[in-house]
Amino acid sequence: MAKLKQAPAGGEIRLKRGLQRGTVIRIKFYAILTIAILFVLFAMNAEHFAPYDPIANDYACSLQPPSAEHICGTDKLGRDVYSRILCGAGGSFSMAFVMLIFVSTIGTTIGMLCGYFGGRFDVIMMRFVDVLLAFPDTVFAIAVAGMLGPGVLNAVIALGLLSWTSFARMARSLTASVREKDFIAQARFNGASTPRIILKYIFPNVAPQIIVMATMRIGGTILSLSSLSFLGLASQPPAPEWGVMVSESKAYMQTAPWMMIYPGLALVLTVVIFNLLGDSLRDVMDTKKQ
Amino acid sequence: MNIKKTLCLVLVLCLSLAALAACGRKPEETAAPTTTAAEKTAAPEETTAAAEKTTAAPEETTAAPEETTAAPEETTAAPEETTAAPEETTAAPVEEPRHLNAASFMVGTTLDAAVRYQGWTLTRTGIGETLVKLDNNVELEACVADSWEWVDEYSLKLHVREGITFHSGKAVDAAAVKLCFEHAAETNERFPNYIDLKEFIADGQDLTIVSNSKNPQMLWNLTEPLFCVMDVTVEDIANKPAGTGPYMVTSFVEDRIELEANRNYWNGEVGLDTITFTRVSDAEARVMALQSGELDMTITIDHTNIKLFENEDYNVSVVSGVRTNVVKMNHARPFLKYKELRQAISYAIDRETYGANITGGAPSVCLFPASVPFDIDSIEGYSYDVDRAVQILDDAGFVDTDGDGIREIDGENIHLEYYQSAAHGSAEAGLIAQAIQADLLKIGVDVEIMSSENMSDIKNAGLYDFCSDNSNTVPTGDGQYFLTNMYLSTSGSNKSGYNNPEFDALIERFNDAYSAEERYAIAHEAAQLLNDDAADLFVTTVPMSTVSRAYVKNAVQPTVDYYMITKDITIVR
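Protein chains in written order, with the working numbering: chain A, 5 to 294; chain B, 525 to 1097.
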């Protein structure tokens, strides 16, 4: 964050005007951040909290409604739905997280190169991005995942193939605007090499927006991965993945609604938490004004 | 900004009010019954009924329920009947026409029985009938033909019942049947699988089918709905076909047939006046349509959902049927080529529990379900015996040497890939897969489950160790077709590499067996041989169900799933 101070934007004016508002936003952000961190810690250590083995079949208690022993009920094979939800959290989150790190790195690199150098490389890359953006992303992911075969890694690749493009777009436009700034000219004047300019002077101005964007994408990505699992293209049974669980519960919608409701709720909650986190992170960094 | 917010609020309010109003609306108030129809925009995928092929499950696709209640004809059929709640129907007039709304998971784009598997739609809706049919014991029964005999080993002579007319009014004679079958031969590529045709000879009411080779199963094959006896001289065979069955078509648009009673039906009174027969491909959607009163009758309900209908408002008819949940084992793969491993696996799976808890079917003894007359009771199958499975593996030297809980063969962990079709309609295949995975882990065999949208590619390429299947193992009431197709070493459909010369020789004997008893005995022997070789995992039978509203009478699930609507089904209020 220290590097941010180099940005010549009207940071001080902003601070004076919105001290009150800024504090509120910051408190809100830390609150949501705490919830999100707690969620992640909880999800990563779910095995310790889960009361049952998420993949152990127990036909004797098949399709039991929520009760004291099974607070979210059991599924057709007698597995505890609550334990499965808990253990599913880690997988969904970490896949989304890994994918976003990967995708935002690639997207940002390409975007910054395009924005900085411009010219033919930029034109070709951006037209390529345009082509990719023209694909409806879920349909494209289904097609690619279908071709690569079922599996979490393949699903991540399928989603990643398109999602780097928006990072590239964002990084490119930011780079292009920063490039014209006086401090870049100054740096060049002082004999800084191109890699140094890009890494030391441009990247810090691009990074905050990219981080905000990536954070806002976590929820959506978890949802997309779950959709692919629902279709049988990502996580494979008996993995306790939320999409798989919803898909398995389809036939029992009326006879055992808890099988569908609780994984669905978990999904909604997670997506809401990460969307809120992204929103408040954006507010904190006040990226709107840049 | 404020105006915008207010506008949004007003809009939301209006929408919620509209939604509330729609919920409380009485059926009488609705101008057309369309409001109750669960109309969805999802593309009505074409189920080409490939699912019905002997080797495949009746896959229910996830397409949304199509509109099933609105049709111009229904204005005469008292709309209350289709949309009203039960208490409102009591006031219906006494002489109300008996109209039935029925749905199945397939209807199709044409009513030409010779196209693909469309014949199945015709036999299921009571439009078309075959020369011979299968009764509930899966034995031959006279239908359009009343007697038959083998003239010699190549020629089968059938006598077409006298006095039957097509829906078009034309009399049914051997010449008409000949024309119809010739049309089928030209149109359908499956035709040669059933009849190795040399020629048809029509003489009055006598039709002689002459085959190029000795082909005794031809007689049973005539029960396949491809051989529906239709009048192929009618103008529009695709939309207004003329069969001999109890119901005739009044109109047809894709996936929706309007039918009326055939008053000249040869086999007695017909129980209903009109029928609307539609396709609702998703099993869950059929359940809900039945509950809402949109449908009066449907088939193939997931067995867990059956209990929703076990009360006085509905009739439920469940039979064990002719289908078997088979898990194919690929003998060409590095681990499953060992018979000992396959046998151990066969002992290690708990069919009884799967049947009771997952499929609702009975545990399978062999590939054939107990409903067929092949003396299944005396076949020796695999019981659930983990100790025995462990013993077999230990004896064969497949032991766990590195202590990771998984046995090895030649130093490699036994790791098997289990393909199941991505859950569509029914989750059972996936649940069986997970249950087997858990059971096999107990004997130190590692199974990885993979889902695939397109199982036929996986099967054809032989990429699987296990793959789930739902097979009609006696498609025409005879064992030869399925046994030959799936297990003969030279068969193109035998993708799992089963190869046993003894079995091939046994199958050869089918070609000389002209009596039912002889053929049943061969099928029995073949089933035992497949068990001894642990050819595949035969898990449980697949229960088949027909569920109807209480006022629908005689809607009974036949053992053979070629049939659904019969002349006996009627409505009594």
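Cβ atoms here follow ideal geometry from the backbone N, Cα and C, with glycine treated the same way. Values in this document were obtained by computation on a predicted structure and should not be read as measured data.
{"Asked": "B/R803 and B/D989: beta carbons closer than 7 Å?", "Found": "no"}
{"Asked": "Name the DSSP beta bridge partners of B/T1094, please?", "Found": "B/K1077"}
{"Asked": "If you compare alpha carbons, which of B/L1053, B/T1014, B/F751 is closest to B/L1030?", "Found": "B/L1053"}
{"Asked": "If I'm right that B/D676 touches B/A698 with Cβ under 8 Å, what's the distance once you round it to whole angstroms?", "Found": "Incorrect: roughly 18 Å between the Cβ atoms, too far for contact."}
{"Asked": "Per DSSP, which one or two residues make a beta bridge with B/I725?", "Found": "B/T732"}
{"Asked": "Shorter than 7 Å from the beta carbon of A/M257 to some beta carbon of chain B?", "Found": "yes"}
{"Asked": "Chain B partners of A/L232, CB-CB under 7 Å?", "Found": "By Cβ distance, chain B contributes nothing, its closest Cβ being about 10 Å from A/L232, past 7 Å."}
{"Asked": "Please list, in chain order, the chain A residues whose beta carbon lies closer than 9 Å to that of B/D981.", "Found": "Those do not exist, as B/D981 stays about 10 Å from chain A at its closest Cβ, beyond 9 Å."}
{"Asked": "In the segment 52 to 85 of chain A, which residues sit with their C-beta less than 7 Å from some C-beta in chain B, listed in chain order?", "Found": "N61, Y63, S66, K80, L81"}
{"Asked": "So with Cβ pairs under 7 Å, would you call B/A1058 a contact of chain A?", "Found": "no"}
{"Asked": "Hey, is B/S1184's beta-carbon within less than 7 Å of any beta-carbon in chain A?", "Found": "Beyond the ends of chain B as shown, which are 525 and 1097, falls residue 1184 of chain B; an answer cannot be given."}
{"Asked": "For A/T225, does the three-state DSSP call read helix, strand or coil?", "Found": "helix"}
{"Asked": "Got a sec, what are the start and stop residues for the alpha helix (DSSP H) A/S167 sits in?", "Found": "156 to 183"}
{"Asked": "Excluding the 5 residues flanking A/T169 on each side, which residues of the same chain have their C-beta closer than 8 Å to its C-beta?", "Found": "G111, V133, L136, L137"}
{"Asked": "Taking the alpha carbon of B/S992 as the point to measure from, which residue in B/T1000, B/G1001, B/I982 has its own alpha carbon closest?", "Found": "B/I982"}
{"Asked": "For a contact meaning CB atoms closer than 7 Å, what does A/P241 contact in chain B?", "Found": "G954, A957, Q958, I973"}
{"Asked": "Measure the CB-CB distance between B/M821 and B/S1072 and report whether it falls below 7 Å.", "Found": "yes"}
{"Asked": "Quick check on DSSP: helix, strand or coil for B/R622?", "Found": "coil"}
{"Asked": "Between which residues of its own chain and A/L163 is the CB-CB distance below 6 Å, once the five residues before and five after are set aside?", "Found": "A145, S228"}
{"Asked": "Quick one: which unbroken alpha helix (DSSP H) runs of 4-plus residues sit fully inside the segment 687 to 725 of chain B? Chain order, please.", "Found": "698 to 711, 715 to 718"}
{"Asked": "Any Cβ of chain A within less than 7 Å of the Cβ of B/T828?", "Found": "yes"}
{"Asked": "From what residue to what residue does the beta strand (DSSP E) around B/V842 run?", "Found": "838 to 843"}
{"Asked": "Give the DSSP-derived three-state secondary structure of B/A959 in the structure shown.", "Found": "helix"}
{"Asked": "Take B/A477 and list the residues in its own chain whose beta-carbon comes closer than 7 Å to its own, dropping the five residues that flank it on each side.", "Found": "Beyond the ends of chain B as shown, which are 525 and 1097, falls residue 477 of chain B; an answer cannot be given."}
{"Asked": "So if DSSP puts B/L1061 in a beta bridge, which residue, or which two residues, is it bridged to?", "Found": "B/V851"}
{"Asked": "What did DSSP end up calling A/M151 once you bin it into helix, strand or coil?", "Found": "helix"}
{"Asked": "Quick test of your reading: B/N984 and B/R847, contact by CB under 8 Å. State the CB separation rounded to the nearest angstrom.", "Found": "Not a contact, Cβ separation roughly 21 Å."}
{"Asked": "Quick one: grab the DSSP three-state call for A/V276.", "Found": "helix"}
{"Asked": "Please report how far the alpha carbon of A/G94 lies from the alpha carbon of A/V44, in whole angstroms.", "Found": "7 Å"}
{"Asked": "Whose C-alpha, out of A/L166, A/P244, A/L285, A/F97, is nearest the C-alpha of A/V216?", "Found": "A/L285"}
{"Asked": "What are the boundary residues of the beta strand (DSSP E) that includes B/F898?", "Found": "B/F898 -> no beta strand (DSSP E), and no H or E assigned at all."}
{"Asked": "In the DSSP assignment, what residue or residues form a beta bridge with B/F801?", "Found": "B/A626, B/I781"}
{"Asked": "Measure the CB-CB distance between B/Y838 and B/A1074 and report whether it falls below 7 Å.", "Found": "yes"}
{"Asked": "Give the single residue among B/L796, B/E1026, B/M1010, B/P1025 whose Cα lies nearest to the Cα of B/K1019.", "Found": "B/M1010"}
{"Asked": "Distance check for B/V1076 and B/E471, CA to CA, integer angstroms please.", "Found": "Nothing in the structure corresponds to residue 471 of chain B, since chain B is present only between 525 and 1097."}
{"Asked": "Going by CA-CA distance only, name the one from A/A238, A/M289, A/I226 that's closest to A/V276.", "Found": "A/I226"}
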